[in-house]
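Visitor:
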Amino acid sequence: PHMISSGKANYILQVKGKSMIDDGIMDGDFVIVQHQQDAQNGDIVVALLPNGCATLKRIYFEKDRIKLMPANAAMSPIFTTHVKIQGKVVGLLRKYTN
């Protein structure tokens, strides 16, 4: 598929947790991530936090901080002044089991 062979560096990560369920990204899914260090407001990104933890969230650049927004009403956003973007989600793979 084009999202995997776009000529750009892509990789696949398995999702852990329920922070993006309202965007249809479930615990155990695999996301296809395009390696890049920049993003636009609202992109779903893999972000490395200052504490060394990685997270999958929608990113929003505010005046003096960055908001990493989960797609789960039961969870709160993460606010930070520094984040390292590891890539942007460009696809999703899900294994169906009976």
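Taken in order, the sequence shown gives residues 1 to 98; the numbers are from UniProt numbering. Just so it is clear, CB atoms sit at the ideal spot from N, CA and C, and this is done for glycine as well.
Whole angstroms is fine: what's the gap from N86's alpha carbon to A47's?
Guide: Along the sequence shown, one-based indexing puts residue 86 at 86. Along the sequence shown, one-based indexing puts residue 47 at 47. The question names Asn, but residue 86 is Gln in the sequence shown. One C-alpha to the other measures close to 6 Å.
Visitor: With a 10 Å radius around its C-beta and 16 neighbouring C-beta atoms as the bar for buried, classify R94 as buried or exposed.
Guide: Here residue 94 refers to the residue found at position 94 when the sequence shown is read from its first residue. The residue in question, R94, is exposed, as its Cβ has fewer than 16 Cβ neighbours within 10 Å.
Visitor: Tell me, which residues are paired with I44 by DSSP?
Guide: Working through the sequence shown from its first residue, we reach residue 44 at position 44. According to DSSP, I44 bridges with R58.
Visitor: Ordered along the chain, which non-local residues of its own chain (more than five positions away) have a Cβ less than 8 Å from that of V15?
Guide: Numbered from its first residue, the sequence shown carries residue 15 at position 15. The answer, listed in chain order, is I25, M26, D27, G28, D29, F30, V31 and L56.
Visitor: Using a Cβ-Cβ cutoff of less than 8 Å, which residues in the same chain neighbour G42 once the five nearest sequence positions on both sides are dropped?
Guide: Within the sequence shown, the letter at position 42 stands for residue 42. Cβ neighbours of G42 beyond the five flanking positions: R58, I59 and Y60.
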